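Trainee: For the record, the sequence lines run as chains B and E.
Residue 1 is where the first sequence starts when you use my numbering, and the numbers rise one by one after that.
Residue 1001 is where the second sequence starts when you use my numbering, and the numbers rise one by one after that.
The beta carbon of each residue, even a glycine, is placed where N, CA and C say it ideally should be.
The structure displayed is predicted, hence computed values, not measured ones.
First the structure, then my questions, so here it is.
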Amino acid sequence: MSYDAHFRVWRGDADGGQLQDFTVEAHEGEVVLDIIHRLQATQAPDLAVRWNCKAGKCGSCSAEVNGKPKLLCMTRMSTFSADETITVTPMRTFPVTKDLVCDVSYNYVKAREVPAFTPPAGLEPGEYRMQQVDVQRSQEFRKCIECFLCQDTCHVIRDHEENKEAFSGPRFLMRVAELEMHPLDAYEAGGGNRAEEARGEHGLGFCNITKCCTDVCPEHIQITDNALIPLKERVADQRYDPILRFFRRKSD
Amino acid sequence: MVDIDRHDYDVIVVGAGGAGLRAAIEARSRGLRTAVICKSLFGKAHTVMAEGGIAACMGNVNENDDWRVHFRDTMRGGKFSNNWRMAELHAKEAPQRVWELETYGALFDRTGDGRISQRNFGGHEYPRLAHVGDRTGLELIRTLQQKVVSLQQQDYREHGDHEARLRVFQECTVTELFTDGDRISGAFAYWRENGRFARFHAPAVVLATGGIGKSFKVTSNSWEYTGDGHALALRTGASLINMEFVQFHPTGMVWPPSVKGILVTESVRGDGGVLRDSSGRRFMFDYVPEVFKDNYADNEAEADRWYSDPQNNRRPPELLPRDEVARAINNEVKEGRGSEHGGMFLDVASRLSAEEIRRRLPSMHHQFKELADVDITAEAMEVGPTCHYVMGGVEVDPDTAVSAVPGLYAAGEVAGGMHGSNRLGGNSLGDLLVFGRRAGIGAADYVAGLSSRPEVAQSDVDAAARRAEEPFEAAERLQNPENPYTLQSQLQQVMNDLVGIIRTEEEMRSALQRLDELRRRADDLAVEGNRQFNPGWHLALDLRNMLLVSECVARAAVRRTESRGGHTRDDHPRMDPEWRATLLACTAAEDGVRVTEKSQPVLRADLAELFEVAELRKYCTEDELPRREPEPVGEDSSDEL
């Protein structure tokens, strides 16, 4: 059950590039990453692509297949017809390094801007007690494999380089939500306010809940419903609660 | 050589998996300027692939657990060829290392009373594995990654620079280590992104590079597992032990071909999944070896009762150590009772409700659905052995993780000894944390005690740069250059077919011959293009390591004329107590790899006391057996048996 598949792969670097056509063998049960590897082994040894686990667990092989953000290792060839031309391009939101590899350092910068988990005072290692129902909410977000496909698809930054400074993207807003929902995070006891920082430092207001991030998440995390909307609600509660508002005005 | 970055640190950690990050956190927390150099992006290390959990005797689910029980299980799993001191330290310190992760923000699954939940796993007497569904490795790597970030945030507050004391050099590959006399002085690396070279100057290097599985065709390992740390250590003068012991995980995916080898977590069996042949028969009852007969059930009724009443029933044989299960599957397939695609059936669908499966094994459910179009809540999975882990690695001092080379440390999979001839599931993540931390302390203490810093010689840097550029020069020089992708796939085939799960002298001799040919051909490796993110070039450089380490595996395996753990000889099927006390150590010589026999450290008397003499007799020679006289043995007795 082999056939010749038609591929168009973007090749180039920061200075420019173009789509290049390839005809390459495909076998039963293969995924797009297998085809890219076959291209490397037979036709384009220096074709750059990131990958590690090839099992959808590490989030390295993110790219766009026919314009849609995908993990190459989880995109099965059987989802395309044999005569279809499959176009593979790097993620559009990040600057290209070479071929399918792009510079994702934006994400590492944003990660550093989220204050870390603050351990509760007075609890020694081994003394933490949490109920499963309470950890489950944050656990959903910790399924994130940091493929950055949600960042790639998010229209706030996809074609708006100028928003990158003020907006951390769904991945890191979700990280704020994760910490905000952590049963033992003591950050707020120390005077921090994660929801307020999501609004102020991380640009939560840019998000207009179109759910594009949720749609592309390979881990099926309900980013919008379970992280972003609750965070927005928390901000609304704090900012627009008439009584709290009164106090904030005074302290501003 | 103008095109080269220079960096000065106190400690360089090579690898950013669990062991590397834990070592870096420790070194940095002790005030050292620390660099982590890793081949992939930060947070993508192979540790993310670990599924089942972290073995630690916290006793949250069964309070009878303690370090002695864990120690015993580890030694049994390794067929008593473990370095006992490492097994002891691991069993004693793992709980503290797990609890510490909670202070970094980790969120493990919980028990009813709010503590960390623990699950059953092969070879562990009690439910012992702290876990998060079946994505524990991801939780571990993310937690450590975020701890690194939190230390960087602290540095930013204090010094205005996130990277003042801890920097991650991601997508940067170390190709050589430098020495000054016999002491470590630094490392040479290239950046994947642009091919620029970098020289690192540091008196201590911690190797945390993981394993060697990519030298085998069917493997659960990623491209990174090319034995870099093993090879770096050898070339620097350190020795590798136990290299003949390679773990084939019993359950890898077998279909479709492109996913062959991808891991199916042991948690499937820990949570109730069973192995069946094509007629639906649970065949593992036929494969309980003599040494385990007291602990494993010989009938289905008892095995099934064990899940609800572990005190009064023996364990299901599906939960035997991995080497036993892998051999059983291999044999069943060979005898024609396997699946259409050459595997056996792993059935959890008839054992747990669909909802329970989705909750406990979400990644497996997802993986089979997406990659194989199989719904594991309704159908059995087809599984077969896959190269998963190398027990062998750098010979280190158990307490400090230092190798024979001053300044060179190793922790995690790249270190040898802890797991003996076979690693228990769940003992890897604990190993990373316990010995990652110890390596960080070891390196910190060493650096603090130095009166002068070893230097990097410019001539060594130039030579390393020349070697790294060779594949480009070969492309211009040679008429018929070798293609790295072709050579790699031939190497993988040789190791898989001739030094795989079942071995014979004849096949391994032939493997050694072919490895020799491949090594000669590797001198003519050539690559196209330039140094900017060029996977062909990266592979050409990795291949040198893969070939060297593969030779270690084959040479040690030929030498060991017995079967033990992850080393099964068709021509020497018996486990031989005479071999138990023998370590095979590989060193690099002018003409290749040299294997020498050494004695295992003798089991400390108080640890020997933890076993019945009758059990020790199954593994040890009569001379080694303790003489159990009535006189008591002190806690720190150095009496040897």
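Sort out for me which residues DSSP pairs B:Q18 with in a bridge.
Mentor: DSSP output for B:Q18 lists B:R11 as bridge partner(s).
Trainee: Closer than 8 angstroms is the cut-off here; do at least three beta carbon pairs connect the stretch 1030 to 1048 of chain E with the stretch 1171 to 1179 of chain E?
Mentor: Counting Cβ pairs under 8 angstroms, three or more are found: they touch.
Trainee: Just reading off the beta strand (DSSP E) that B:K68 is part of, what are its end residues?
Mentor: Where B:K68 is concerned, the enclosing beta strand (DSSP E) stretches over 68 to 71.
Trainee: Compare the C-beta of B:S251 with all C-beta atoms of chain E and state if any pair is closer than 7 angstroms.
Mentor: Residue placement at B:S251 is flagged as unreliable, the pLDDT there being 48, under the threshold of 50; a coordinate-derived value is accordingly withheld.
Trainee: If you run the structure through DSSP and keep just helix, strand and coil, what is B:K143?
Mentor: Here B:K143 sits in coil by DSSP.
Trainee: Exposed or buried, which one is E:A1378 when buried takes at least 16 other CB atoms within 10 Å?
Mentor: Counting Cβ neighbours within 10 Å, E:A1378 comes out exposed, since fewer than 16 surround it.
Trainee: Report, in whole angstroms, the separation of the C-beta atoms of E:G1342 and E:G1384, which I expect to be a contact under 8 angstroms.
Mentor: With a Cβ gap of about 6 angstroms, E:G1342 and E:G1384 count as contacting.
Trainee: Curious, which full-length alpha helix (DSSP H) runs of at least 4 residues does the stretch 1194 to 1224 of chain E contain?
Mentor: If we require 4 residues or more, the stretch 1194 to 1224 of chain E turns out to have no alpha helix (DSSP H) run fully inside it.
Trainee: Contact between the stretch 176 to 186 of chain B and the stretch 130 to 140 of chain B: three or more CB pairs below 8 angstroms?
Mentor: Yes: the two stretches touch, three or more of their Cβ pairs being nearer than 8 angstroms.
Trainee: For B:M1 and chain E, any beta-carbon pair shorter than 7 angstroms?
Mentor: Chain E contact via Cβ: absent.
Trainee: Using a Cβ-Cβ cutoff of less than 8 angstroms, which residues in the same chain neighbour E:H1131 once the five nearest sequence positions on both sides are dropped?
Mentor: These residues qualify, in order along the chain: G1052, G1053, I1054, F1108, D1109, S1117, Q1118, R1119, S1267.
Trainee: Would you kindly check if the distance between the Cβ of E:L1525 and the Cβ of E:P1577 is under 7 angstroms?
Mentor: Not in contact: E:P1577 and E:L1525 (Cβ atoms no closer than 7 angstroms).
Trainee: At the 7 angstroms Cβ level, is E:W1099 part of the contact set with chain B, yes or no?
Mentor: It does; some Cβ of chain B falls within 7 angstroms.
Trainee: So what does DSSP say about E:H1159, is it helix, strand or coil?
Mentor: In this structure, E:H1159 counts as helix in the three-state DSSP scheme.
Trainee: In chain E, which residues lie with their C-beta within 9 angstroms of the C-beta of B:V156?
Mentor: Under the 9 angstroms cutoff, chain E gives no residues; its nearest Cβ is about 23 angstroms from B:V156.
Trainee: Contact criterion: CB-CB distance below 7 angstroms. Does B:S60 meet it with respect to chain E?
Mentor: Closer than 7 angstroms to some Cβ of chain E, the Cβ of B:S60 qualifies, so yes.
Trainee: Hey, does E:H1341 have any beta-carbon neighbour from chain B nearer than 7 angstroms?
Mentor: False, the Cβ-Cβ gap to chain B never drops below 7 angstroms.
Trainee: What do you get for E:Q1145, buried or exposed, if any count of 16 or more other CB atoms within 10 angstroms of its CB means buried?
Mentor: Burial call: buried.
Trainee: Mind reading off the beta-carbon distance from E:A1238 to E:E1395? Whole number of angstroms is fine, and I expect it under 8 angstroms.
Mentor: With a Cβ gap of about 7 angstroms, E:A1238 and E:E1395 count as contacting.
Trainee: Checking contacts by CB at 7 angstroms: is B:K164 closer than that to chain E?
Mentor: It does not: the Cβ of B:K164 has no partner Cβ on chain E nearer than 7 angstroms.
Trainee: Among all the DSSP beta bridges, which residues are the ones paired with E:G1053?
Mentor: Partner(s): none; E:G1053 has no beta bridge.
Trainee: What does B:W10 touch in chain E if you count any residue whose Cβ is under 8 angstroms from its own?
Mentor: Near B:W10 there are no residues of chain E at all, since even the closest Cβ is about 14 angstroms away, more than 8 angstroms.
Trainee: With DSSP as the reference, label B:Q131 as helix, strand or coil.
Mentor: Looking at B:Q131 - three-state DSSP - the assignment turns out to be coil, as it is neither helix nor strand.
Trainee: Would you grab the beta carbon distance between E:V1206 and E:Y1409 for me? Rounded to a whole angstrom, and I think it's under 8 angstroms.
Mentor: Indeed they touch by this definition, with Cβ atoms about 4 angstroms apart.
Trainee: Using DSSP's beta-bridge definition, name the partner residues of E:L1240.
Mentor: E:L1240 is bridged to E:V1394, E:C1586.
Trainee: So, does the CB of B:R92 fall closer than 7 angstroms to a CB anywhere in chain E?
Mentor: So no, B:R92 is outside the interface.
Trainee: Chain E beta carbons: is any one of them nearer than 7 angstroms to that of B:G169?
Mentor: No, its Cβ sits nowhere closer than 7 angstroms to a Cβ of chain E.
Trainee: Can you find a CB in chain B that lies within less than 7 angstroms of the CB of E:L1107?
Mentor: For E:L1107, the answer is yes, since a Cβ of chain B falls inside 7 angstroms of its Cβ.
Trainee: Does any CB atom of chain B fall closer than 7 angstroms to the CB of E:G1017?
Mentor: Judged by the 7 angstroms Cβ criterion, E:G1017 is not in contact with chain B.
Trainee: For E:H1572 and E:C1057, I'd like the C-alpha separation in whole angstroms.
Mentor: Straight-line Cα distance between these residues: approximately 36 angstroms.
Trainee: Is E:V1595 close to chain B? Criterion is C-beta to C-beta, closer than 7 angstroms.
Mentor: Not closer than 7 angstroms to any Cβ of chain B, the Cβ of E:V1595 fails to qualify, so no.
Trainee: If the cut is a Cβ gap below 8 angstroms, which residues of chain B does E:P1385 touch?
Mentor: Going along chain B, no residue has its Cβ under 8 angstroms from E:P1385, so there is no contact; the nearest lies around 17 angstroms.
Trainee: What do you get for E:L1478, buried or exposed, if any count of 16 or more other CB atoms within 10 angstroms of its CB means buried?
Mentor: When all chains shown are included, E:L1478 counts as exposed.
Trainee: Under 7 angstroms, Cβ to Cβ, is there at least one residue of chain E near B:T97?
Mentor: It does; some Cβ of chain E falls within 7 angstroms.
Trainee: B:V101 touches chain E at which residues, Cβ-Cβ below 7 angstroms?
Mentor: Under the 7 angstroms cutoff, chain E gives F1533.
Trainee: Name the chain E residues that come within less than 7 angstroms of B:Y128, Cβ to Cβ?
Mentor: The contacting residues are E1102.
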